[in-house]
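Peer 1:
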Amino acid sequence: MNFSKSSLISLVTALTVASPSLARVEDGTADLLETLDQNGVEVIINGPRCKDAPVHGMYSFTGMRRVMNLCPGSSVDAVDHDTVRHETAHAIQHCVNTERGTALTDPIASLHKLRDMVNEFVPAEVVTFVKETYPEDHWLVEFEAQLMSRIFTATELEEMFLMRCTAR
Numbered sequence: 001m002n003f004s005k006s007s008l009i010s011l012v013t014a015l016t017v018a019s020p021s022l023a024r025v026e027d028g029t030a031d032l033l034e035t036l037d038q039n040g041v042e043v044i045i046n047g048p049r050c051k052d053a054p055v056h057g058m059y060s061f062t063g064m065r066r067v068m069n070l071c072p073g074s075s076v077d078a079v080d081h082d083t084v085r086h087e088t089a090h091a092i093q094h095c096v097n098t099e100r101g102t103a104l105t106d107p108i109a110s111l112h113k114l115r116d117m118v119n120e121f122v123p124a125e126v127v128t129f130v131k132e133t134y135p136e137d138h139w140l141v142e143f144e145a146q147l148m149s150r151i152f153t154a155t156e157l158e159e160m161f162l163m164r165c166t167a168r
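The following block contains the structure:
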């Protein structure tokens, strides 16, 4: 991976100009999942980890071995599409932080920009949920992933993933 400073600035700039949206079904979600799977993120749907915790999905990694577990159950809805976007945001954060050599709990955006964008686009009940569910050192990446899943489409996140997480 060879992230340039201008690539990082492009992502942060995109965070500042994107428009908000709610949980939604998107045609691009299947393509996003295929891109992730073809580029080093193992995608597991309704696997054993779904039984371990009552979650919609999770992104995990050991080094650069990356796995996205998705738990839609027997049907797929807008929340499941949102989960794919949210977990993809975590994959992008992982790639950016690995390249920057920063803590894996660091957001991509600056703290001030992230705060302003979360306050504008992420509902208060979601902020409360993050604070009640995650350890404090994970709050910023969770807030950012919540934000990214709302303001970016699956297609936009696919492009970001390819730019940040592959040698393309």
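Numbered according to this note's numbering, the sequence shown spans residues 1 to 168. Using N, Cα and C, we set each Cβ at its ideal position, and we do this for glycine too.
How far does the beta strand (DSSP E) with I108 in it extend, from its first residue to its last?
Peer 2: Neither: I108 is in no beta strand (DSSP E) and is coded neither H nor E.
Peer 1: In this structure, does DSSP put E158 in helix, strand or coil?
Peer 2: E158 falls in the helix class under three-state DSSP.
Peer 1: I'd like the list of long-range same chain contacts for I45, defined as Cβ closer than 6 angstroms, with 5 residues on each side in sequence excluded.
Peer 2: Cβ within range, chain order: L70.
Peer 1: If you count every other CB in all the chains shown that lies within 10 Å of the CB of Q38, and 16 or more means buried, which is it?
Peer 2: Exposed, since its Cβ has fewer than 16 Cβ neighbours within 10 Å.
Peer 1: Between M64, W139, D27 and Q146, which lies nearest to T105 when the distance is taken from Cα to Cα?
Peer 2: That would be W139, whose Cα lies nearest to the Cα of T105.
Peer 1: Work out the CA separation of Q146 and D137 for me, nearest whole Å.
Peer 2: Those two C-alpha atoms are separated by around 16 angstroms.
Peer 1: Run through DSSP, which three-state label would N46 get?
Peer 2: Of the three classes helix, strand and coil, the one that applies to N46 here is coil, per DSSP.
Peer 1: Taking the Cβ atom as the reference point for each residue, do Y59 and E87 lie within a distance shorter than 9 angstroms?
Peer 2: Result yes, Cβ atoms of Y59 and E87 sit closer than 9 angstroms.
Peer 1: Would the beta-carbon of R85 fall within 9 angstroms of that of T133?
Peer 2: Contact flag unset, no.
Peer 1: Can you tell me whether N69 is helix, strand or coil according to DSSP?
Peer 2: Here N69 sits in strand by DSSP.
Peer 1: Using only alpha-carbon positions, find the residue among R164, N97 and F152 that is nearest to M117.
Peer 2: Out of R164, N97 and F152, F152 has the C-alpha closest to the C-alpha of M117.
Peer 1: Express the C-alpha separation of V141 and V12 in angstroms, rounding to a whole number.
Peer 2: Low per-residue confidence applies at V12: pLDDT is 37, beneath 50, and the placement is therefore not dependable enough to give any value.
Peer 1: How would you write the range of the alpha helix (DSSP H) that S149 sits in, first residue to last?
Peer 2: Its alpha helix (DSSP H) spans residues W139 to I151.
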